[in-house]
Structures are given as C-alpha cells and as structure tokens.
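Asks: Below: one structure in structure tokens.
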Amino acid sequence: MAQAYRLGPLCRLDGAGELGENGRMAAVQDPDHTGTAGGWLKWAALGAAAGAGALSLAAAGGSALAGYFARRVVTPERVQPEDLPILAVLREADELHIVFPATEETIVDGWYGLSFTGGTGFARIGPIRSYVPREGTVTRVVDRVLAGNLHEALRGRWTGALYRSPAELGLPAQDVLIDLPVGPAPAWVIQPNPGTEIPTWAIMVHGRGVQRSEGLRAVRTTQDLGMTCLLMSYRNDGDAPDAEDGRYSLGLTEWRDLEAGIEYALQHGAKDVVLFGYSMGGAISLQLLDRSRYRRNVLALVLDGPVINWVDVLAHQATVNRVPAAIGRYGQLILSHPLGRRITGLAAPLDLKSLDWVSRAQELRTPTLILHSKDDDFVPYGPSAELARRNPELVDFVEFDAAAHTREWNVDPERWDAVVKAWLGPKLGRYELPRDNVPEEFRD
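Numbering-wise, the sequence shown is residues 1 to 444 according to the UniProt record's numbering.
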C-alpha cells in the first residue's frame, strides 16, 4: 500500500526530510497550485484581478470578471501547460530518479504520469525516495520512460494517467468509431480475461480537460470482473468532434454521447453496462440516468471524484482562485441565464439546479459506489458524502485519504481495486472476494 504524505497548514523549513508531527512529512506551501490536476482552473491573473474588483462589484470590472469566470468554466483548454519544473534526472544504483519542486501533488506518494517536451515525451513516475523541506525538493523513482528524452526535459505536466494507450498497459485493444450526435468518435474496446466473459460492459467516462486514457487505470479491475471495457471519447475532448458551440455543458449535452456509447455496447453483445465516471464524467453519467432511454440498461455506477453538485464546485473554484463570492455567484447566473450566452458562447443556458444531485438524492435509483478523497481540492468530497447520507439504500461512499483530484487509484491502487471488486462483484452475480480480502467498508 502506498504511503501518502499530506500537506499540513504551514510551511516547515526545519528539517531535511524528517517526518513532522503525527508522523507526516512537513508541508510546503504552493499557493499557485503548481502541478495540479489537469483540466481544472488555475487563474493567478484572475485572482489578482478579483482582489481589485472586489472593491466595487457593481463596476464594469466586476461584471467582466464574472463573465471571464463563467466563460472559463465551459471553454475547453486545448493545450495543458507543462508547468512543473524538472530540476534533475539522476541515475542512482539501479534506479533512475527525478527531482521536482515539492508541491501539493509531488509530495504525495503513489504512481503518476509525467508528460514533457510538448507532449511528445512521457514517463511513469513512482514512489518518493527523498524529500528535503529546507530545499523545497522531492526525489522520486522513474518507473519507465515510454517516449522522449527525459534527461533533456526542463518542464513537465503531472497527471494521474499512467498510460496513454492500451498498448502501454500491455493489453490488446480494438480501435472503433462510435457515432455520436456530433459525429464519429474514436474509442477503445478491451476484452476481459479469457474464460471470464460476462454480458456486462464497463464504460469509462473521463473528466473535464482530459481524454479516454484516464480510465485505463481501472481496466485490470474490469478484466478481473469479466467485463468488456469501452473507453470512449465525447464532444470537445480533443479526440471526438466538437459540439457546434465548442463549449462544455457540464453534462447537460455530453450525456447524449454516452448514450451512443451504451447503444454501441448493446449492439455488440452487452445486456447491461456499468458506468465508471471520473470527475465531470460522474455528472455526465448521472445525467444519462436522468434522461436516457437506456437508463434501465445501467446496472450500476462507479464514480471517482465525481461532480455531484456543480453549484458547490463552482463556488469552491471561485474560492480557490480568489474570486469574491458575489462575483462567483454572478458567474453562475451568467451560465444559467439566456442572456449569458453572449458572454459564454454556449448554445443554451445551463440548468444548474438539475446538476445538483444532493438535492435530487432520492431520484437516484441505480446502485452507486462513490470513491472520493477528502483531500480533493478541486471537487470537494462533501456533496459525495452527503448524497450517500441522503440515499443510503443505493449509494455507498468510500473515503480516501491524501489523494488529489481523481487520484484515489494512484495513491492506493490495491485498496481501489479491492473496494470496487468487493462492491461490484456481487452485483454482477459471479464474483465474491474471500472474507479476509473484503474491505472493512463492505463487511457485515
């Protein structure tokens, strides 16, 4: 099991990698969230502008800032910045090591991906080997360089995706096209372990600002359960065609693409499906259950760091980006009002109330497992826990520790795998873990 070193509230400069109080490593402040989860919002300039605009919300500057906030929420970022400095790459004994600045993410143990040289290079990064608080650096193992020359790289992008394709996972896959409402979109189909096949497919629904490779981490689990796995793309993700307006609708239109994925599975041998939704993929999956003619073909949901309530997430994003609360609320109004389309570029306003599944908890009638880290600083776990509290018969919530956004698997892959198998296996009617291997959450 990976050990997770978590940030504390203050920067400690009085040691050379020693554990602090309660056995945790000392913290390093990272106010700009360097190296944070791909696809979410990092607005240092926006925060600075907010400080000035807060003095007069009625002023044009406040309105412009609210419009900027709203527009950024729904506008895809085509290029993810490589904003994590690479300080050194060293060979020590039989291991290749890499040295990074100590940030909120690089000091959390586990397994991660590093994209570099404009995305042409990629490496898998493993456990922490040393941490020097007084220097603000952390040294980690390079598990494998899959592409590019890491020794020449100066900066990279930290990611939770360890694999860019099924081939890097060592698995054969079929490349297929799914006819989405916006046009044909690529997908991978990966078969289960031979002799284990069941007529239930797993469909991976990735999050905002990332691509279908996000779900590759879970494929070994779905294979063990006998499920064929479909890893699909959807509108505006850089693989599938864009929507006509080129904007995210936070799940309110993307669910139609997921519906096309379910239709593909049903046409190719599936009797039902399990949806694995990451971040915004969770919101998309919930909208599918609410709106699709295929809702009854969804056997269960497995949601990882999901967006359960967009209003809560938008308020939180305003706070972490130092946007005054009133401007954040004004931004929400712009997103949801017909006149706001002139600012956001959306084809239609967003019904944010329909995206609040805490308030709609009793409407959820599909068995749902939520895995969410209490240290997720991008999509807070509170709504996930509250949904489970309000609908305990159908929703199970498993809290993880230390993981950043949708990095629950990265921090503790063994636990992630065991929890999903213990919860989902019996629902598939064919898989039961020995009692000694059942996580505490699911023991009688």
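Built from N, CA and C at the ideal position, the CB exists for glycine as well.
Going by beta carbon distance, what residues of the same chain come within less than 7 angstroms of residue 156, once the five residues before and after it are set aside?
Replies: Within the same chain, residue 156 has close Cβ partners 82, 84, 86, 114, 115 and 116.
Asks: Could you tell me which residues DSSP puts in a beta bridge with residue 201?
Replies: In DSSP, residue 201 forms a bridge with 228 and 273.
Asks: Spell out the partners DSSP gives residue 158 in its beta bridges.
Replies: 114, per the DSSP bridge assignment.
Asks: Quick check on the burial criterion: 16 or more other C-beta atoms within 10 angstroms. Buried or exposed for residue 410?
Replies: By the neighbour-count rule (16 or more Cβ atoms within 10 Å), residue 410 is buried.
Asks: As a quick exercise: from 104, 294 and 429, pick the residue whose alpha carbon is nearest that of residue 133.
Replies: Among 104, 294 and 429, the Cα nearest to that of residue 133 belongs to 104.
Asks: Opposite residue 142 in the DSSP bridges: which residues?
Replies: Note: residue 142 sits in a beta bridge opposite 96 and 125.
Asks: Can the beta-carbon of residue 247 be found closer than 8 angstroms to that of residue 74?
Replies: Yes, the Cβ-Cβ distance between residue 247 and residue 74 is below 8 angstroms.
Asks: List the DSSP bridge partners of residue 188.
Replies: 175 and 231.
Asks: Looking at residue 281: is its Cβ nearer than 8 angstroms to the Cβ of residue 372?
Replies: It is not a contact, given that the beta carbons lie outside the stated cut-off.
Asks: How about the segment 256-273 and the segment 93-111: do they share at least three Cβ pairs that are nearer than 8 angstroms?
Replies: Output reads no: the segment 93-111 does not touch the segment 256-273.
Asks: Should the segment 218-237 be called in touch with the segment 179-186, which here means at least 3 C-beta pairs below 8 angstroms?
Replies: Touching, yes, given that three or more Cβ pairs across the two stretches are closer than 8 angstroms.
Asks: Can you grab the Cα-Cα spacing for the pair residue 180 / residue 324, in whole Å?
Replies: Looking at the two C-alpha atoms, the distance is approximately 39 angstroms.
Asks: Over what stretch of residues does the beta strand (DSSP E) that includes residue 344 continue unbroken?
Replies: Unbroken run through residue 344 is the alpha helix (DSSP H), 341-344; no beta strand (DSSP E).
Asks: Alpha carbons only, please: which of 125, 304 and 190 is nearest the one belonging to residue 374?
Replies: The shortest Cα separation from residue 374 among 125, 304 and 190 belongs to 304.
Asks: Could you round the C-beta distance between residue 334 and residue 262 to whole angstroms and report it? I think they count as a contact, below 8 angstroms.
Replies: That belief does not hold up - the Cβ atoms of residue 334 and residue 262 are roughly 33 angstroms apart, past 8 angstroms.
Asks: Does the beta-carbon of residue 317 have 16 or more other beta-carbons within 10 angstroms, so that it is buried, or is it exposed?
Replies: It counts as buried.
Asks: Hey, residue 213 and residue 165 are a contact pair by Cβ (cut 8 angstroms); roughly how many whole angstroms apart?
Replies: Contact flag correct, Cβ pair sits at about 7 angstroms.
Asks: At a cut of 8 angstroms, does the segment 342-355 reach the segment 380-387 through at least three beta carbon pairs?
Replies: Result no; under three Cβ-Cβ pairs closer than 8 angstroms.
Asks: For residue 177, collect the residues of the same chain with a Cβ closer than 8 angstroms to its Cβ; drop the 5 residues on either side in sequence, then sort them by chain order.
Replies: Excluding sequence neighbours, residue 177 sits near 184, 185, 186 and 187.
Asks: Out of 264, 359, 341 and 342, state which residue places its alpha-carbon closest to the alpha-carbon of residue 311.
Replies: The residue with the shortest Cα to Cα distance from residue 311 is 359.
Asks: Just curious, the alpha helix (DSSP H) that residue 283 is in, first and last residue?
Replies: Per DSSP, residue 283 belongs to the alpha helix (DSSP H) from 280-291.
Asks: Which residues in the same chain have their Cβ closer than 7 angstroms to the Cβ of residue 233, if we skip the five residues on either side of it in sequence?
Replies: If we look at residue 233 and ignore the five residues flanking it on each side, its Cβ neighbours are 185, 186, 187, 211, 212, 239 and 240.
Asks: Answer yes or no: do residue 150 and residue 142 have a C-beta to C-beta separation smaller than 8 angstroms?
Replies: Cβ distance < 8 angstroms, so residue 150 and residue 142 count as in contact.
Asks: Per DSSP, which one or two residues make a beta bridge with residue 302?
Replies: Residue 302 pairs with 276 and 369.
Asks: Can you tell me whether residue 92 is buried or exposed? The criterion is at least 16 other CB atoms within 10 Å of its CB, across all chains shown.
Replies: With fewer than 16 Cβ atoms within 10 Å of its Cβ, residue 92 is classed as exposed.
Asks: Using the Cβ count rule (16 or more neighbours within 10 Å means buried), how would you classify residue 268?
Replies: Classification for residue 268: exposed.
Asks: Do you know whose CA, among 110, 440, 163 and 406, lies nearest residue 422's CA?
Replies: Of the listed residues, the one whose Cα sits closest to residue 422 is 440.
Asks: In three-state terms, what does DSSP make of residue 246?
Replies: Note: residue 246 maps to coil in three-state DSSP.
Asks: What's the gap between the Cα of residue 266 and the Cα of residue 192?
Replies: One C-alpha to the other measures close to 16 angstroms.
Asks: Give the straight-line distance between the Cα atoms of residue 287 and residue 297, rounded to the nearest whole angstrom.
Replies: Going from the Cα of residue 287 to the Cα of residue 297 covers about 14 angstroms.
Asks: Compare the Cα-Cα distances from residue 126 to each of 136, 152 and 160 and report the closest residue.
Replies: Measuring from the Cα of residue 126, the nearest candidate turns out to be 160.
Asks: Could you check what DSSP says for residue 57 in three-state terms: helix, strand or coil?
Replies: For residue 57, the pLDDT reaches just 42, beneath the cut-off of 50, and the residue's location in the model is therefore unreliable, leaving the point undetermined.
Asks: Using the C-alpha atoms, what's the distance from residue 300 back to residue 427?
Replies: For residue 427 and residue 300, the distance between alpha carbons rounds to 8 angstroms.
Asks: If you drop the 5 nearest sequence neighbours on each side, which residues of the same chain put their C-beta closer than 7 angstroms to that of residue 449?
Replies: As shown, the chain starts at 1 and ends at 444. That puts residue 449 outside it, with no answer to give.
Asks: Measure the alpha-carbon distance for residue 326 versus residue 309 and round it to whole angstroms.
Replies: Roughly 19 angstroms separates the two Cα atoms.
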